[in-house]
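First to last, the protein sequences are chains A and B. According to the numbering used here, the first sequence holds residues 1 to 165 in order. According to the numbering used here, the second sequence holds residues 1 to 382 in order. For every residue, glycine included, the Cβ atom is placed at its ideal position computed from N, Cα and C. Just so you know, these numbers come straight off a predicted model, no measurement behind them. See below for the structure under consideration.
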Amino acid sequence: MGMFKQILGYLATTGVLVVLILGPFVLMPRFSRLVGELGIRPHPRYAGGPVVRTLQRGGYQIELSAPAGAVGPLERTRRFVQVAWSPAEAVPEVVDECLDLHGDGRPEVRLSFRVPKDPRTPLQGRVEVLDAARVEPLAELGRSADLSAVLVRVDQRIVARIPVK
Amino acid sequence: MPESSVKPAFRSWPRAALLTLPMALWALLMMVPALRGPDRVARLMGLVSEGFMVYLFLMMVRTGRTYFWRKVFFVTLGFLFPVGFIIEMVHLRGTMSLPVEHVIAGTTPFCFMVIPMTLIPAGLSRVLIFPGTILATVGNSKAVAGMVALWLVATLVLGKAWCAYGCFFGGLEEGFASLLRRPVLKALNPIFRLGPWAVLVTIVLTSAATYSPTYCEWLCPFKAVTEFPELTSGRIVLPAVIFSGLFLGLVVVLPLLTRKRTQCAFFCPFGAFQTLFAPVSPFRIRLDRDACTGCGSCARACPNLALDADGIGRGAPGHACMRCGACVDVCRRGAARWHVLGTEAPSERARLLFLYAGWGFACLFGGGILASSLTHLFHLLG
Chain A
1 MGMFKQILGY LATTGVLVVL ILGPFVLMPR FSRLVGELGI RPHPRYAGGP VVRTLQRGGY
61 QIELSAPAGA VGPLERTRRF VQVAWSPAEA VPEVVDECLD LHGDGRPEVR LSFRVPKDPR
121 TPLQGRVEVL DAARVEPLAE LGRSADLSAV LVRVDQRIVA RIPVK
Chain B
1 MPESSVKPAF RSWPRAALLT LPMALWALLM MVPALRGPDR VARLMGLVSE GFMVYLFLMM
61 VRTGRTYFWR KVFFVTLGFL FPVGFIIEMV HLRGTMSLPV EHVIAGTTPF CFMVIPMTLI
121 PAGLSRVLIF PGTILATVGN SKAVAGMVAL WLVATLVLGK AWCAYGCFFG GLEEGFASLL
181 RRPVLKALNP IFRLGPWAVL VTIVLTSAAT YSPTYCEWLC PFKAVTEFPE LTSGRIVLPA
241 VIFSGLFLGL VVVLPLLTRK RTQCAFFCPF GAFQTLFAPV SPFRIRLDRD ACTGCGSCAR
301 ACPNLALDAD GIGRGAPGHA CMRCGACVDV CRRGAARWHV LGTEAPSERA RLLFLYAGWG
361 FACLFGGGIL ASSLTHLFHL LG
């Protein structure tokens, strides 16, 4: 039994060294692929919901996502719809859109904002609620820490999030 | 403290150099990405980091001591990591805070601290409660899958020793804990050692309930020296105050007064989480009760409060032991020893086997961080 334990102990030590040596070249890429294949996706609070409709405009497009919101039982994230204009440089200097957030042919909000030439300038959007029964009361969009009501430039997109009921 | 140890396994320079050769080759291999890059400063800093790591290993082998040389690396890592991280963030974003745009873009580097909080939401809803990407992208090389893979390798290689050879946050505390020669505060209530477990259970449950990383949002002391949410409203001021207060109290002031890693010992939930995987590693510290005189120097030297009278009587340190080697180095009687589970390996052989694994991981993970932080620093200084 003593000899058996000794062999196991040294085998474990060898195993540790093998894991270390194989780690950066074999194990980490494999583990990484494995984690990637688990089908886990970022919370919609961060990534927005899946894109459900794309509206083509001259030189740019508008992507509307499915309503996203709380997933957990005690989560307080407000439901919102993400709308993204891309590419940002093709978006006209003044945007004034009536948006049908739920895709039923009835626009719920009118969103207007200016697109400054300097991409570092914060965006400020004005919101006119057209259907108060389905959209949270809101007058402006900016850089709120509450990720459910923002208007920001994200890489090559201008992303607006409008809280819905 | 370890400096007073009188029983080191001293080796001649040629013998120490021969034993260091495999580590030198490994460290060189780990620096290949930096050495092959187009940036001259990065190549130079890669060489400097490699030389630093190899020198420290050589000294550990030659002197037979572990704690002091490991501490030199660990404190350097602890202080250079936030410097490099902040410079990189300011360069990429223009600010140390985490802007809303980057949260939505998913470019936040994934931190290992988040792992325990993500498990239940990921298992129940396949949702990641962190503003990062799953796979690496152009804007985020530190994506979730890669960092989790790195943690898996670290856990298999180090187990709980992650806290002494991998965690760049612990180095800051160890640095502050080393500033005074004697502790000002000596009587620390052992009940506080349950703190990390309490914090771990709390954050895992609250994260599962709220689907948000509660530790990152409310409690992480290291937000003060890495990144924090953009201050866009009064509500965000409160967590900022908590981050700063915990950092000052647990990472700066208490380590300074106690000469202990108080954040690790009393608060860090990831340390507790990592303790769950401690049995994975075959490397242990054992106390020979026949040789022990009960002087308590090992307990005083332990930076993580893993040793007390009970542990000494039992012949093994408690669950918080991170294999830093402080107790072995300080024990004049050689009662504290390195041990490979199941074997009768002499302490020095067990120590060397552990060091090849532990220091190998330190080169893989910490060496790269040192090189990149030094590069950022030199670019900043022009």
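Limits of the unbroken alpha helix (DSSP H) element including residue i
i                : result
Asp310 (chain B) : 309-314
Phe270 (chain B) : 269-275
Asp155 (chain A) : From DSSP, Asp155 (chain A) is part of no alpha helix (DSSP H); its letter is neither H nor E.
Val463 (chain B) : Nothing in the structure corresponds to residue 463 (chain B), since chain B is present only between 1 and 382.
Ile191 (chain B) : Ile191 (chain B) -> no alpha helix (DSSP H), and no H or E assigned at all.
Arg300 (chain B) : 297-301
Leu254 (chain B) : 254-258
Arg351 (chain B) : 347-362
Val41 (chain B)  : 40-63
Cys167 (chain B) : Taken as a continuous stretch (DSSP letters only), Cys167 (chain B) belongs to no alpha helix (DSSP H), as it is neither H nor E.
Ser125 (chain B) : 115-125
Proximal residues of chain A, C-beta to C-beta of residue i below 9 angstroms
i                : result
Ala357 (chain B) : Thr13, Val16, Leu17, Val19, Leu20
Pro233 (chain B) : It should be noted that the sequence gives Ser, not Pro, for residue 233 (chain B). The contacting residues are Ser144, Ala145, Asp146.
Glu230 (chain B) : Arg143, Ala145
Phe361 (chain B) : Leu20, Gly23
Ile285 (chain B) : The premise fails here: Ile285 (chain B) is roughly 15 angstroms from chain A at the closest Cβ pair, so nothing lies under 9 angstroms.
Pro317 (chain B) : The contacting residues do not exist; Pro317 (chain B) stays about 19 angstroms from chain A at best.
Pro279 (chain B) : In chain order: nothing, as chain A lies at least about 11 angstroms away.
Residue(s) in a DSSP beta bridge with residue i
i                : result
Glu63 (chain A)  : A:Thr54, A:Ala84
Glu140 (chain A) : A:Arg126
Pro229 (chain B) : B:Leu98
Arg113 (chain A) : Residue 113 (chain A) is actually Phe in this sequence, not Arg. BP columns for Phe113 (chain A) point to A:Val95, A:Gly125.
Ile162 (chain A) : A:Val81
Pro24 (chain A)  : The partner list for Pro24 (chain A) (beta bridge, DSSP) is empty, contrary to what the question assumes.
Ala68 (chain A)  : A:Phe80
Val135 (chain A) : A:Val164
Residue i: contacting residues in chain A (beta-carbon distance under 8 angstroms)
i                : result
Phe112 (chain B) : Within chain A, no residue comes near Phe112 (chain B); the closest Cβ sits about 13 angstroms away, beyond 8 angstroms.
Gly146 (chain B) : Met28, Ser32
Ile134 (chain B) : Val35, Gly36, Ile40, Arg41, Pro42
Pro269 (chain B) : Result: empty, since nearest Cβ-Cβ is about 19 angstroms, beyond 8 angstroms.
Arg349 (chain B) : The contacting residues do not exist; Arg349 (chain B) stays about 10 angstroms from chain A at best.
Ser125 (chain B) : Val71, Gly72
Leu364 (chain B) : Leu20, Gly23, Pro24
Chain B contact residues for residue i, given Cβ-Cβ distances below 8 angstroms
i               : result
Val52 (chain A) : Residues of chain B passing the Cβ test: none, with the nearest at roughly 18 angstroms.
Ala47 (chain A) : Ile104, Gly106
Chain-ordered chain B contacts of residue i [CB-CB under 7 angstroms]
i              : result
Gly9 (chain A) : Pro282, Val340, Leu341, Gly342, Thr343
Lys5 (chain A) : Gly342
Residue i: contacting residues in chain B (beta-carbon distance under 9 angstroms)
i                : result
Lys165 (chain A) : Here the premise fails: no neighbours, minimum Cβ distance about 20 angstroms.
Opening and closing residue of the beta strand (DSSP E) in which residue i lies
i                : result
Asp96 (chain A)  : 94-99
Leu287 (chain B) : 283-287
Trp338 (chain B) : 336-340
Within chain A, the residues that residue i reaches when beta carbons sit closer than 7 angstroms
i                : result
Val121 (chain B) : Reading off the sequence, residue 121 (chain B) comes out as Pro, not Val. In chain order: Gly72.
Leu353 (chain B) : Thr13
Leu128 (chain B) : Ile40, Arg41, Pro42, His43
Worksheet item: At a Cβ cut of 7 angstroms, what residues of the segment 122-143 of chain A count as close to chain B, listed as they run along the chain?
Response: Arg143
Item to complete: Could you name the residues of the segment 145-159 of chain A whose beta carbon sits closer than 7 angstroms to any beta carbon of chain B, in the order they occur along the chain?
Response: Ala145, Leu147, Val150, Val152, Arg153, Val154, Asp155, Val159
Discussion item. Counting only Cβ-Cβ distances shorter than 8 angstroms, please list the residues of the segment 320-345 of chain B near chain C, keeping chain order.
Written reply: Annotation note: the requested chain C is absent from the structure, which comprises protein chains A and B.
Worksheet item: Does the segment 135-153 of chain B come close enough to the segment 105-120 of chain B that 3 or more CB-CB pairs lie under 8 angstroms?
Response: yes
Worksheet item: Does the segment 170-185 of chain B come within contact of the segment 35-53 of chain A, defined as at least 3 CB pairs closer than 8 angstroms?
Response: no
Fill in: Sufficient close CB pairs (3 or more, under 8 angstroms) joining the segment 187-194 of chain B to the segment 259-277 of chain B
yes
Worksheet item: Counting pairs of beta carbons, one from the segment 27-47 of chain B and one from the segment 363-380 of chain B, are three or more of them closer than 8 angstroms?
Response: yes
Worksheet item: Just checking, does the segment 232-246 of chain B make contact with the segment 269-278 of chain B on the three C-beta pairs under 8 angstroms criterion?
Response: no
Practice prompt. Name, going along the chain, the residues of the segment 83-106 of chain B whose beta-carbon falls closer than 7 angstroms to a beta-carbon of chain A.
Written response: Val100, Glu101, Val103, Ile104, Ala105, Gly106
Fill in: Cβ-based contacts, 9 angstroms cut-off: residues of the segment 197-217 of chain B near chain A
Thr206, Ser207, Ala208, Ala209, Thr210, Tyr211, Ser212
Fill in: chain A contacts from the segment 14-37 of chain B (Cβ-Cβ distance under 9 angstroms)
Trp26, Leu29, Met30
Discussion item. Assess contact between the segment 275-295 of chain B and the segment 212-219 of chain B, defined as three or more Cβ pairs (one per stretch) separated by less than 8 angstroms. Is contact present?
Written reply: no
Worksheet item: Of the residues that make up the segment 66-85 of chain A, which ones have a beta carbon closer than 9 angstroms to any beta carbon in chain B?
Response: Ala70, Val71, Gly72, Pro73, Leu74, Glu75, Arg76, Thr77, Gln82
Discussion item. Within 8 angstroms, do at least three Cβ pairs link the segment 109-120 of chain A to the segment 46-60 of chain A?
Written reply: no
Discussion item. So if I threshold CB-CB distances at 8 angstroms, which residues from the segment 138-164 of chain B count as touching chain A?
Written reply: Gly139, Val144, Ala145, Gly146, Val148, Ala149, Leu150, Leu152, Val153, Leu156, Val157
Worksheet entry | Cβ contact check for the segment 306-321 of chain B and the segment 12-20 of chain B: 3 or more pairs under 8 angstroms | no
Worksheet entry | contact_flag[the segment 83-91 of chain B, the segment 46-60 of chain B] where n(CB pairs < 8 angstroms) is 3 or more | no
Discussion item. Against chain A, which members of the segment 178-198 of chain B pass a CB distance test of less than 8 angstroms?
Written reply: none
Practice prompt. Could you name the residues of the segment 59-81 of chain B whose beta carbon sits closer than 7 angstroms to any beta carbon of chain A, in the order they occur along the chain?
Written response: none
Worksheet entry | Three or more C-beta pairs below 8 angstroms linking the segment 59-72 of chain A and the segment 114-128 of chain B | yes
Worksheet item: For the segment 299-309 of chain B against the segment 322-334 of chain B, are there 3 or more C-beta pairs whose distance is under 8 angstroms?
Response: yes
Discussion item. For the pair the segment 24-38 of chain A and the segment 349-361 of chain B, tell me if three or more CB-CB distances fall below 8 angstroms.
Written reply: no
Discussion item. Contact between the segment 56-75 of chain B and the segment 164-175 of chain B is defined here as three or more beta-carbon pairs at a separation below 8 angstroms; is this criterion met?
Written reply: yes
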